[in-house]
Amino acid sequence: MKKKKVERHNFNKRIALHLVCSMDQLRVVMQCIYFKDGYAYASNGHVLIKANMSEISSFSDAEISNLDGKFLHGDSFKEIVKCDVVKISGDGFICSNRYSETLYRFVEHKKYPNAEKLFADHKNNALNKICCNPLLLYSLQKAVNSSTVRLEFNQDNLAVLVRFVNQESGEYMKSIGLWMPTLLLDD
Numbered sequence: 070m071k072k073k074k075v076e077r078h079n080f081n082k083r084i085a086l087h088l089v090c091s092m093d094q095l096r097v098v099m100q101c102i103y104f105k106d107g108y109a110y111a112s113n114g115h116v117l118i119k120a121n122m123s124e125i126s127s128f129s130d131a132e133i134s135n136l137d138g139k140f141l142h143g144d145s146f147k148e149i150v151k152c153d154v155v156k157i158s159g160d161g162f163i164c165s166n167r168y169s170e171t172l173y174r175f176v177e178h179k180k181y182p183n184a185e186k187l188f189a190d191h192k193n194n195a196l197n198k199i200c201c202n203p204l205l206l207y208s209l210q211k212a213v214n215s216s217t218v219r220l221e222f223n224q225d226n227l228a229v230l231v232r233f234v235n236q237e238s239g240e241y242m243k244s245i246g247l248w249m250p251t252l253l254l255d256d
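Residue numbers (the working numbering): 70 to 256.
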C-alpha cells in the first residue's frame, strides 16, 4: 500500500530560529522566540532576528495572529520544526503523528526586550571598520534559510542590519536581522 504524502503545516523545514536564542540562564526570556505582529523574534544579545511568519511558515494569517504576544522556548521550537503537521492551540503547538500528539507549551513572560525599537532606530551610515564574529551572521542566515544577505551599517550603535534574499525567488525577504560587532581595542 502506498503511503499518503502529508502536506506540511508548520514552520518551513529548514528554519532554525532556535540557533539565535540565548542559552544564558540569567536572561531566561532571551531563551525564547517571541511572536508579535506577524513576526517571530529571537536574540542571544549578539544577534537579533525578526522573521516574517508568512515567509517562514505555512500557517494562516489567523493562526499567525493567534500567536501574538506568545513566547516559545527555543528548545521546543527545535522539536516542533521536525514535525510535518502542527496545530496552534491556546496553550502552545501540538505536533501530531500517526500514533500520538505532543503539546509544546508557550512560556509565560511579561515582556520581551524592545527589539522593534532597535530596528526602527537603525540608520544607514558609512563606517570605517567593524569587527564581527562570522558565526553569528551564519546563525542569522540559517535561521531563515537565506542564501545571500545584504549588510547595512549604522554609525550610532554599530549594529549591522541584515537583509535576507529568498533562495527560490532571489528577492529580498521581509525578515530582517541585527548583527552586533565584537568589541575590540582599536588598532
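Yeah, the Cβ is synthetic: ideal placement off N, Cα and C, and Gly gets one too.
Computed from a predicted structure; not experimentally measured.
List the DSSP bridge partners of CYS101. HIS142
Could you check whether LEU247 and LEU220 sit closer than 8 Å to each other, using their CB atoms as the reference points? no
Uninterrupted alpha helix (DSSP H) stretches inside the stretch 145-210 (no shorter than 4 residues): 184-190
Whole-angstrom distance between ASN135 and THR171, CA atom to CA atom: 19 Å
Integer-rounded CB distance, given that LEU86 should sit under 8 Å from ALA120: 6 Å
Taking SER244 as the reference, which of THR251, LEU88, ILE118, VAL155 has the closest Cα? ILE118
Taking the straight line between their C-alpha atoms, what separation do you get for ALA184 and TYR110? 8 Å
Return the CA-CA distance between ASN223 and GLU76, expressed in angstroms with no decimal places. 42 Å
How many Å lie between ALA195 and SER123 at the Cα? Model confidence at ALA195 stands at a pLDDT of 49, short of 50, so the residue's coordinates are unreliable and nothing is read from them.
Would you please state the rounded distance, in angstroms, between the beta carbons of HIS178 and CYS101? I believe it to be under 8 Å. 7 Å
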